[in-house]
Every structure is written in structure tokens, then in C-alpha cells.
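Peer 1: Below: one structure in C-alpha cells.
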Amino acid sequence: MNSHHDIVNMENNFHPIRGKYKSSIVYNLSTGRKRFTALQRSIGQISHKVLCEKLKELESDNLINKEYFYEYPPRVEYFLTSKGYEYAKLIKQFELLT
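Positions 1 to 98 (full-length UniProt numbering) are the ones given, in order, by the sequence shown.
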């Protein structure tokens with residue numbers, strides 16, 4: 001890193017996973033597809049409303065996708081995109097440092 005500009009660029013790269021719960025969601029989805037309630041259970045103390053908000057934000061940042069299954073009862077599964085897997089790798093690297 002040579003300049004303040006490089007540091008700002010690096011910080012901006014982490015923007016999609018900044019904030020409470022986003023990195024936990026990405027980390028939990030790195031092991032495979034999950035339905036909403038399974039994801040909520042694996043994260044712990046997160047409300048239905050907050051999880052919905054964070055999933056929408058991650059989807060708009062192209063880190064996750066969701067697939068609808070039109071069956072009875074209907075279900076939705078969330079999964080990482082290739083960009084999401086790259087962020088999951090970074091999260092796992094940070095975990096090794098702590």
C-alpha cells in the first residue's frame with residue numbers, strides 16, 4: 001500500500017460485508033445453501049426483520065442469490081455467488097488471525 005488512496009480502496013472493498021450480521025451470513029452460507037429459518041438459527045440473536053434486511057442488502061451487492069421452489073409448501077434457499085465465496089474466503093482468513 002503506497003498511499004491513502006490505496007487504503008480507501010481497500011476499505012471500500014469491504015463495504016458489502018460491513019455492519020452487524022453480514023459477515024456472519026456470508027460465513028454461514030459458505031458451507032452451502034440454507035433456508036431462512038436454518039440461517040436464522042445458525043446466526044443466533046437476529047430478528048426476522050433484520051435478517052430480511054441484511055439478505056436484501058447482500059443480494060443487491062451480488063454476494064448472495066435466492067432460489068424459489070414452487071412446491072407445497074413453497075420454500076426459498078439462499079446461497080453465495082462467486083463474489084460471495086471470495087468474501088467468505090476473506091472472512092475465514094480474518095478468523096485465522098484472531
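Note that beta-carbon positions come from the ideal geometry of N, C-alpha and C, so glycine has one too.
With a 10 Å radius around its C-beta and 16 neighbouring C-beta atoms as the bar for buried, classify Ser82 as buried or exposed.
Peer 2: Exposed: under 16 other Cβ atoms inside 10 Å.
Peer 1: Between the beta-carbon of Val26 and the beta-carbon of Tyr87, is there less than 8 Å?
Peer 2: Contact: yes.
Peer 1: Please report the straight-line C-alpha distance between Lys54 and Tyr72, rounded to a whole angstrom.
Peer 2: Answer to the nearest angstrom: the Cα atoms are 26 Å apart.
Peer 1: Under three-state DSSP, which class holds Arg41?
Peer 2: Helix, per DSSP.
Peer 1: Can you grab the Cα-Cα spacing for the pair Ala38 / Gln45, in whole Å?
Peer 2: Cα to Cα, Ala38 sits roughly 13 Å from Gln45.
Peer 1: Considering only residues of the same chain and omitting the five flanking positions on each side of Gln40, which have a CB-CB separation below 8 Å?
Peer 2: Within the same chain, Gln40 has close Cβ partners Ile46, His48 and Leu51.
Peer 1: Which residue or residues does DSSP assign as beta-bridge partners of residue 115?
Peer 2: Outside the shown range of the chain, which is 1 to 98, sits residue 115, and nothing can be said about it.
Peer 1: For Glu59, name the three-state secondary structure that DSSP assigns.
Peer 2: Helix.
Peer 1: What residues are listed by DSSP as bridge partners for Asn65?
Peer 2: DSSP, once it has assigned bridges, lists Phe79 as partnering Asn65.
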